[in-house]
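Engineer: Protein chains in written order, with my numbering: chain A, 778 to 994; chain B, 778 to 994; chain C, 778 to 994; chain D, 778 to 994; chain E, 778 to 994; chain F, 778 to 994. Glycine residues also receive a C-beta, built at the ideal position from the N, C-alpha and C atoms. Please read all numbers here as calculations on a predicted model, not as lab measurements. Here it is: the structure, laid out below.
Number of protein chains: 6
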Amino acid sequence: MITRYDRIATSLPEPKGPNPNAASVVQELMGGRFGEMSTLMNYTFQSFNFRGRNEDAARPYYDLIANIAAEEYGHVEVVAYTINMLLNGATKRGTDPTTTPLAGTENARNAYHFVASAQTVLPVDSMGNPWTGQNVFSSGNLKLDLLHNFFLECGARANKIRVYETTDDPTVRAMVGYLLVRGGVHVVAYARALEVLTGADLGKLFPIPDVSNKQFP
Amino acid sequence: MITRYDRIATSLPEPKGPNPNAASVVQELMGGRFGEMSTLMNYTFQSFNFRGRNEDAARPYYDLIANIAAEEYGHVEVVAYTINMLLNGATKRGTDPTTTPLAGTENARNAYHFVASAQTVLPVDSMGNPWTGQNVFSSGNLKLDLLHNFFLECGARANKIRVYETTDDPTVRAMVGYLLVRGGVHVVAYARALEVLTGADLGKLFPIPDVSNKQFP
Amino acid sequence: MITRYDRIATSLPEPKGPNPNAASVVQELMGGRFGEMSTLMNYTFQSFNFRGRNEDAARPYYDLIANIAAEEYGHVEVVAYTINMLLNGATKRGTDPTTTPLAGTENARNAYHFVASAQTVLPVDSMGNPWTGQNVFSSGNLKLDLLHNFFLECGARANKIRVYETTDDPTVRAMVGYLLVRGGVHVVAYARALEVLTGADLGKLFPIPDVSNKQFP
Amino acid sequence: MITRYDRIATSLPEPKGPNPNAASVVQELMGGRFGEMSTLMNYTFQSFNFRGRNEDAARPYYDLIANIAAEEYGHVEVVAYTINMLLNGATKRGTDPTTTPLAGTENARNAYHFVASAQTVLPVDSMGNPWTGQNVFSSGNLKLDLLHNFFLECGARANKIRVYETTDDPTVRAMVGYLLVRGGVHVVAYARALEVLTGADLGKLFPIPDVSNKQFP
Amino acid sequence: MITRYDRIATSLPEPKGPNPNAASVVQELMGGRFGEMSTLMNYTFQSFNFRGRNEDAARPYYDLIANIAAEEYGHVEVVAYTINMLLNGATKRGTDPTTTPLAGTENARNAYHFVASAQTVLPVDSMGNPWTGQNVFSSGNLKLDLLHNFFLECGARANKIRVYETTDDPTVRAMVGYLLVRGGVHVVAYARALEVLTGADLGKLFPIPDVSNKQFP
Amino acid sequence: MITRYDRIATSLPEPKGPNPNAASVVQELMGGRFGEMSTLMNYTFQSFNFRGRNEDAARPYYDLIANIAAEEYGHVEVVAYTINMLLNGATKRGTDPTTTPLAGTENARNAYHFVASAQTVLPVDSMGNPWTGQNVFSSGNLKLDLLHNFFLECGARANKIRVYETTDDPTVRAMVGYLLVRGGVHVVAYARALEVLTGADLGKLFPIPDVSNKQFP
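Structure below.
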């Protein structure tokens with residue numbers, strides 16, 4: 778069970794102005810394979826499915842996954858608010874329909890923002906494809922799930938950096954900056970869990986600032 | 778069984794000119810969750826699945842659903858013709874390939890219009906995602922199916938108004954105007970059927986002109 | 778526009794008894810890639826998209842496609858009724874929920890028949906995957922569309938024969954028998970249209986009884 | 778943001794025994810169109826997207842939607858635990874692979890339970906199709922969203938009753954019983970919200986025990 | 778089994794310059810229903826599934842399908858290199874993220890090129906929808922499979938010509954020109970195989986230069 | 778480009794007998810997220826997209842990925858042959874349709890095997906869902922791609938072991954045994970590549986026999 782607070786995880790500055798196409802790209806961080814719905818749902822299902830969680834040896838791993846799951850809810854929220862802020866004021870919505878208040882939106886990258894919603898976030902990716910449960914991995918093998926999570930966080934990090942590189946809108950940059958910090962903590966946490974469990978040192982794989990858009994080290 | 782007439786349900790004025798991106802948005806009214814393929818197929822399957830339709834008490838409900846289903850076929854047609862008219866003349870199609878007759882279409886919102894079809898309508902939505910049978914609801918509980926249909930018509934109404942607000946092209950406006958009138962009749966019809974069946978007055982929910990793009994009443 | 782008649786295209790005998798898994802297989806003829814929704818929607822969209830249909834040379838081809846489209850509606854209906862008859866009486870539906878009236882349906886091949894519908898047909902295939910607009914081909918090149926239709930009818934014929942071979946239920950056999958006759962006419966019609974248009978003799982490809990389940994001629 | 782508690786919303790009795798096919802059907806209440814992921818995500822996105830929520834007139838509606846969203850998280854949890862309990866002990870998992878510990882699972886309805894997960898819940902429906910963001914409706918018109926939610930809860934109720942009718946397993950019955958009570962409260966809450974907003978009395982539509990599997994009132 | 782050579786099937790000139798939207802359209806020839814992944818996978822699965830291939834009468838047909846399958850791998854490669862060349866230099870990728878090196882890509886037709894990949898090809902079509910196994914037809918009836926392949930090659934030809942008509946970029950033109958020649962050979966080969974097998978003369982259907990974007994012969 | 782040999786990578790013993798439901802589960806190793814089509818296509822696209830492959834430092838990584846890609850083709854083949862052998866003789870296919878030669882197949886787990894194909898393999902997973910291009914990851918960051926590949930091989934290993942545990946059919950066991958050996962080599966190869974590139978020792982993560990179906994180490 779959860780208690781929900783009417784508060785978001787970080788404060789977001791106002792955007793430069795309405796920017797529907799930037800909003801369209803940010804949707805990847807919501808409904809993409811590596812978006813926040815994926816991190817939320819992967820860790821949530823893994824926590825539901827964690828057998829033997831009350832045994833002393835297993836408990837810390839359960840706590841880790843369950844706690845990050847809870848935090849991810851707040852990340853979904855932050856991405857949602859960013860997209861909504863970028864869409865605010867994009868049209869003269871709410872005025873007389875005969876004045877064509879949505880004129881120009883036929884050229885926007887994400888038509889659903891204007892036809893299916895009232896210019897707000899939806900659980901879709903940067904091409905408008907809906908988030909899908911296929912994105913959830915819950916194998917029931919703890920090491921394999923942790924390895925998945927480590928990879929998922931690294932992939933998410935790469936996506937975030939690319940969104941960061943796409944726009945210098947202050948809302949997007951603040952949001953991505955926040956998520957990079959938190960995601961960085963999760964990368965380290967999953968790496969450390971795997972190290973404790975197996976002795977493997979994954980910390981060397983991705984010094985935190987290093988999942989950049991460079992191809993070769 | 779049906780007989781098909783070579784006639785469409787309303788006359789459509791010529792569009793201002795080719796407008797592929799407007800055509801792309803109008804596709805939502807064809808292949809979207811609330812598009813005309815959805816109304817056609819929902820009522821068609823519900824009519825196939827209506828048990829006890831020959832009993833006196835049930836018959837009027839069967840007739841209502843089956844008749845609206847038949848009408849929706851004509852709505853699919855009207856949307857199809859609108860999209861085709863908006864795409865007519867968009868390129869110099871049919872001329873010498875070496876003259877790049879489709880130049881510029883790589884920027885169009887719906888690439889399928891130009892690669893998969895000859896600049897004509899397809900059963901896809903405003904993002905190019907295909908219509909899917911998941912959009913059909915046929916629970917076999919008459920009240921629930923009628924409630925679904927009432928909701929479906931209201932949702933369809935909202936989509937239509939938003940498309941209307943997107944472009945002042947005369948073909949689109951005439952088509953949407955026609956559909957709003959007919960859809961309005963269906964909203965009332967399903968509401969009235971539910972009232973007769975249960976006593977609930979849904980007419981107050983959506984005075985017909987009121988499913989606008991306003992958020993709060 | 779269409780007029781819909783409250784009559785189905787052929788009379789169907791009673792099934793041997795409820796047979797949910799046979800119903801599940803027959804769904805392929807409804808919502809599969811080669812099912813009746815595909816033939817209906819392919820020809821319907823091709824007829825919508827047929828440019829120049831009022832020219833003398835083109836008109837017969839338009840009429841052919843549009844007329845077969847209209848007939849396919851009746852085929853969708855016949856498949857729907859067959860599935861519904863196979864599902865009738867499969868459970869003690871409608872009785873006291875505490876008596877577990879749907880017991881045993883957890884083993885049925887198509888769970889949607891029992892949870893999403895009241896044991897009636899849905900627009901899905903033999904694995905429960907929904908029919909999709911991706912199944913529609915409308916290239917705007919008449920020869921190519923006719924070739925597609927010829928292939929579609931041949932593929933549909935193969936699917937029908939396999940369903941026929943799966944069960945000797947009299948309703949299924951009567952329905953498939955009817956569809957094989959009508960589909961056979963369509964195979965010939967599309968072949969003949971291509972012959973008139975091009976001189977190619979496709980009649981030799983598939984002597985009608987010959988799209989069997991044999992691999993090699 | 779949320780705080781997550783290590784507690785589930787209701788106590789669940791032990792199942793009669795492992796029952797993979799019942800678990801497969803219960804998946805509809807998790808990942809189906811009317812499953813708990815749908816109620817959770819619909820209300821969550823609607824709450825994210827609720828403009829003007831701090832105005833006095835609008836606030837109660839925001840609070841309603843946001844609070845039910847939070848409760849739905851607990852329902853996702855309850856369905857997850859039920860499925861896991863039904864799958865517990867289904868095989869001799871964890872023993873020597875050469876002894877074929879998963880023998881027999883090739884006949885189970887949901888192969889993902891055994892190959893993709895360690896016999897635990899996944900975000901899929903009763904046919905193994907993944908939950909999809911297409912299930913989320915967030916139009917930004919408050920009356921329309923509330924009407925959707927009222928319909929969603931009624932549809933969910935119908936699904937739950939059918940699952941209840943499928944098995945008399947005590948865990949499933951306790952879980953469904955709990956969800957029916959809470960869902961019933963949500964039906965009333967959304968109906969009441971619409972009544973306050975518009976004057977329409979939806980309470981007559983579905984006296985709570987009445988969304989049964991009967992077709993005609 | 779295969780041996781892979783580090784060589785592509787034809788030499789490709791440099792493109793005029795980066796052209797992400799042209800790359801987006803060319804994706805149809807990679808991941809679309811008629812793209813090279815479809816030809817590769819159709820013939821590959823048909824060759825796997827060819828029973829009795831060692832019999833003298835059947836062997837030539839097996840060899841035909843298996844050999845074209847192998848060639849199609851090289852076509853997938855050629856399309857991939859074309860897309861990559863069109864995307865090369867589209868951004869200042871690899872430079873300091875704070876300088877917004879991906880600025881402008883939020884307006885590109887295929888967001889996955891910039892967020893999911895490093896501006897390289899992906900197995901998706903011109904609308905970003907992923908290639909799917911639904912595109913594979915392998916009926917096990919040799920005539921039907923050959924007819925499918927003949928149709929598939931004709932449909933692929935139509936798509937290629939339309940891409941050719943969209944851009945005069947030299948890389949695209951050289952690539953499409955090469956594929957048209959090879960695809961033309963496959964059209965003839967499948968037609969000839971059907972002629973030998975059945976006597977039907979499909980050569981008249983599509984004189985090779987004739988699957989143009991004209992509607993009527 | 779490739780050369781294809783008419784030879785499969787390992788010899789497979791005859792199965793105990795026809796076993797359609799085992800074949801249905803083995804499909805996960807063909808068309809599932811972690812199936813052989815996924816390994817083939819991931820490495821193939823990564824090799825297409827590998828920039829700077831001719832530089833000395835990068836070349837060994839390109840060679841690694843490209844060579845494993847080529848080998849995976851042979852794995853797709855081995856899985857295909859296994860499925861086909863398990864389906865051989867499942868029915869009296871090819872005999873007189875009126876004798877219901879496919880009787881009983883309505884209860885089989887994968888209806889496509891009997892309706893869409895002639896009892897042969899298709900590019901679908903264990904629930905009949907088609908393989909999709911969404912399964913391909915090609916980020917263009919070498920370390921991230923290698924980490925993905927390491928994870929993919931580990932996940933594939935888990936799936937294979939579970940299939941091994943499902944049936945003691947000798948063909949399946951021989952096929953899985955072969956794939957486990959080769960997959961084990963790939964796990965080590967990707968781990969070693971990451972170690973050389975970064976210094977991280979992933980070998981400790983998964984001593985080869987250790988991705989079992991146990992949950993906790």
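1. Using the Cβ count rule (16 or more neighbours within 10 Å means buried), how would you classify residue 812 (chain D)?
2. Alpha carbon to alpha carbon, what distance is there between residue 897 (chain F) and residue 855 (chain F)?
3. With a CB to CB cut of under 8 Å and the five nearest residues on each side skipped, what residues in its chain are close to residue 870 (chain C)?
4. How about the segment 933 to 949 of chain D and the segment 924 to 938 of chain B: do they share at least three Cβ pairs that are nearer than 8 Å?
5. Quick check on residue 937 (chain C) - is its C-beta less than 8 Å from some C-beta in chain E?
6. For residue 906 (chain D), count neighbouring C-beta atoms within 10 Å of its own C-beta (all shown protein chains included) and say buried if the count is 16 or more, exposed if not.
7. Please tell me whether residue 805 (chain D) and residue 959 (chain D) are closer than 8 Å, where the distance is taken between their beta carbons.
8. Which same chain residues, not among the five before or five after residue 778 (chain F), have their C-beta less than 8 Å away from its C-beta?
9. Scan the segment 843 to 871 of chain C for residues whose Cβ lies nearer than 7 Å to a Cβ of chain D and list them as they occur along the chain.
10. Is any beta-carbon of chain F found at less than 8 Å from that of residue 798 (chain C)?
11. Taking the alpha helix (DSSP H) that residue 998 (chain E) falls in, what are its first and last residues?
12. Can you find a C-beta in chain D that's less than 8 Å from the C-beta of residue 943 (chain F)?
13. Ignore the nearest five residues each way along the sequence and tell me which others in residue 951 (chain B)'s own chain have a CB closer than 6 Å to its CB.
14. Check for me: the beta strand (DSSP E) holding residue 779 (chain E) runs from which residue to which?
15. In chain order, what residues of the segment 900 to 915 of chain A put their CB closer than 9 Å to some CB of chain B?
16. Please return the same chain residues whose Cβ sits closer than 6 Å to the Cβ of residue 821 (chain E), not counting the five positions on each side in sequence.
17. From what residue to what residue does the alpha helix (DSSP H) around residue 1035 (chain A) run?
18. Assess contact between the segment 856 to 864 of chain E and the segment 822 to 841 of chain F, defined as three or more Cβ pairs (one per stretch) separated by less than 8 Å. Is contact present?
19. What is the DSSP secondary structure of residue 947 (chain B), counted as helix, strand or coil?
20. Would residue 851 (chain F) be called buried (16 or more neighbouring beta carbons within 10 Å of its own) or exposed?
21. Identify the contact partners of residue 981 (chain E) in chain C, using a Cβ-Cβ distance below 7 Å as the criterion.
22. Chain A beta carbons: is any one of them nearer than 8 Å to that of residue 819 (chain F)?
23. Return the residues of the segment 914 to 931 of chain A that lie within a Cβ-Cβ distance of less than 9 Å from chain D, sorted by chain order.
24. Quick one, which of D:948, D:819, D:982 and D:909 has its alpha-carbon nearest residue 795 (chain D)'s?
25. Is it a yes or a no for the segment 958 to 973 of chain B touching the segment 955 to 975 of chain D, going by three-plus beta-carbon pairs under 8 Å?
26. Name the residue from C:817, C:956, C:920 and C:797 whose alpha carbon lies nearest to the alpha carbon of residue 972 (chain C).
27. Helix, strand or coil, according to DSSP, for residue 901 (chain D) in the structure here?
28. With a threshold of 8 Å between beta-carbons, can residue 874 (chain E) be considered close to chain A, or not?
29. Which residues in chain A sit within 7 Å of residue 882 (chain E), going by Cβ to Cβ distance?
30. Round the Cβ separation of residue 982 (chain C) and residue 835 (chain E) to the nearest angstrom and send it over; I've been treating them as touching at under 8 Å.
31. For residue 907 (chain C), does the three-state DSSP call read helix, strand or coil?
32. Can you find a CB in chain E that lies within less than 8 Å of the CB of residue 898 (chain F)?
33. Please list the terminal residues of the continuous alpha helix (DSSP H) segment that includes residue 799 (chain F).
34. Expressed to the nearest angstrom, what Euclidean distance is found between the alpha-carbon atoms of residue 833 (chain E) and residue 793 (chain F)?
35. I need the straight-line Cα distance from residue 800 (chain A) to residue 886 (chain E), nearest angstrom please.
36. Here's the rule I'm using: 16 or more other beta-carbon atoms within 10 Å means buried, otherwise exposed. How should residue 810 (chain C) be labelled?
Structural biologist: Reading off the structure:
1. Numbered from 1 along the fourth sequence, position 35 holds the residue referred to as residue 812 (chain D). Residue 812 (chain D) should be labelled buried.
2. Taking the first residue of the sixth sequence as 1, we reach residue 855 (chain F) at position 78. Taking the first residue of the sixth sequence as 1, we reach residue 897 (chain F) at position 120. Taking the straight line from one Cα to the other gives about 13 Å.
3. Counting from one through the third sequence, the residue named residue 870 (chain C) turns up at place 93. Answer for residue 870 (chain C): 878, 879, 895 and 896, listed in chain order.
4. no
5. Residue numbering aside, residue 937 (chain C) sits at position 160 when the third sequence is read from its first letter. Chain E contact via Cβ: absent.
6. For the purposes of this step, residue 906 (chain D) is identified with residue 129 of the fourth sequence, where counting begins at 1. Buried is the call here.
7. As a working note, residue 805 (chain D) is residue 28 in the fourth sequence. As a working note, residue 959 (chain D) is residue 182 in the fourth sequence. Contact: no.
8. Along the sixth sequence, read from residue 1 onward, the residue named residue 778 (chain F) stands at position 1. The answer is none, since no qualifying residue turns up.
9. 870 and 871
10. Residue 798 (chain C) sits at position 21 when you count from the first residue of the third sequence. So, interface residue.
11. Within the shown structure, residues of chain E are numbered from 778 to 994, placing residue 998 (chain E) beyond reach of any answer.
12. Here the question's residue 943 (chain F) lines up with position 166 in the sixth sequence. Cβ-Cβ to chain D under 8 Å: yes for residue 943 (chain F).
13. Here residue 951 (chain B) is taken as the residue at index 174 of the second sequence, counted from 1. Around residue 951 (chain B): 789 and 790.
14. As a position in the fifth sequence, residue 779 (chain E) is number 2, starting the count at 1. Under the DSSP assignment, residue 779 (chain E) falls in the beta strand (DSSP E) whose first and last residues are 779 to 781.
15. Here the close residues are 901, 904, 905, 906 and 907.
16. As a first step, residue 821 (chain E) must be located in the fifth sequence, where it is residue number 44. Cβ within range, chain order: 846.
17. Past the edges of chain A, shown from 778 to 994, lies residue 1035 (chain A), and the structure says nothing about it.
18. yes
19. The residue labelled residue 947 (chain B) in the question sits at position 170 within the second sequence. Helix.
20. Along the sixth sequence, one-based indexing puts residue 851 (chain F) at 74. Buried is the call here.
21. Here residue 981 (chain E) is taken as the residue at index 204 of the fifth sequence, counted from 1. Correct list: 975, 976 and 977.
22. In the sixth sequence, the residue the question calls residue 819 (chain F) occupies position 42. For residue 819 (chain F), the answer is no, since every Cβ of chain A falls outside 8 Å of its Cβ.
23. 914, 915, 916, 917 and 918
24. Along the fourth sequence, one-based indexing puts residue 795 (chain D) at 18. For residue 795 (chain D), the nearest C-alpha among the options comes from D:948.
25. no
26. Taking the first residue of the third sequence as 1, we reach residue 972 (chain C) at position 195. For the residues C:817, C:956, C:920 and C:797, the minimum Cα distance to residue 972 (chain C) belongs to C:920.
27. Working through the fourth sequence from its first residue, we reach residue 901 (chain D) at position 124. Correct three-state label for residue 901 (chain D): strand.
28. Counting from 1 along the fifth sequence, the entry for residue 874 (chain E) is found at position 97. Taking Cβ atoms only, chain A reaches closer than 8 Å to residue 874 (chain E), which makes this a yes.
29. Counted from its first residue, the fifth sequence places residue 882 (chain E) at position 105. Within 7 Å Cβ-Cβ: 943.
30. Within the third sequence, residue 982 (chain C) is the residue found at index 205, counting from 1. Within the fifth sequence, residue 835 (chain E) is the residue found at index 58, counting from 1. About 18 Å; that fails the 8 Å criterion.
31. Position 130 of the third sequence, counted from the start, is the residue given in the question as residue 907 (chain C). Reduced to three states, the DSSP call for residue 907 (chain C) is strand.
32. By one-based count along the sixth sequence, residue 898 (chain F) stands at place 121. Answer yes: the Cβ-Cβ gap between residue 898 (chain F) and chain E drops below 8 Å somewhere.
33. Numbered from its first residue, the sixth sequence carries residue 799 (chain F) at position 22. First-last of the alpha helix (DSSP H) with residue 799 (chain F): 797 to 808.
34. The residue you call residue 833 (chain E) lines up with position 56 of the fifth sequence. The residue you call residue 793 (chain F) lines up with position 16 of the sixth sequence. Computed Cα separation, rounded: 29 Å.
35. As a working mapping, residue 800 (chain A) is identified with position 23 in the first sequence. As a working mapping, residue 886 (chain E) is identified with position 109 in the fifth sequence. When the Cα atoms are used, residue 800 (chain A) and residue 886 (chain E) turn out to be separated by approximately 14 Å.
36. If you number the third sequence from 1, residue 810 (chain C) lands on position 33. Label assigned to residue 810 (chain C): buried.
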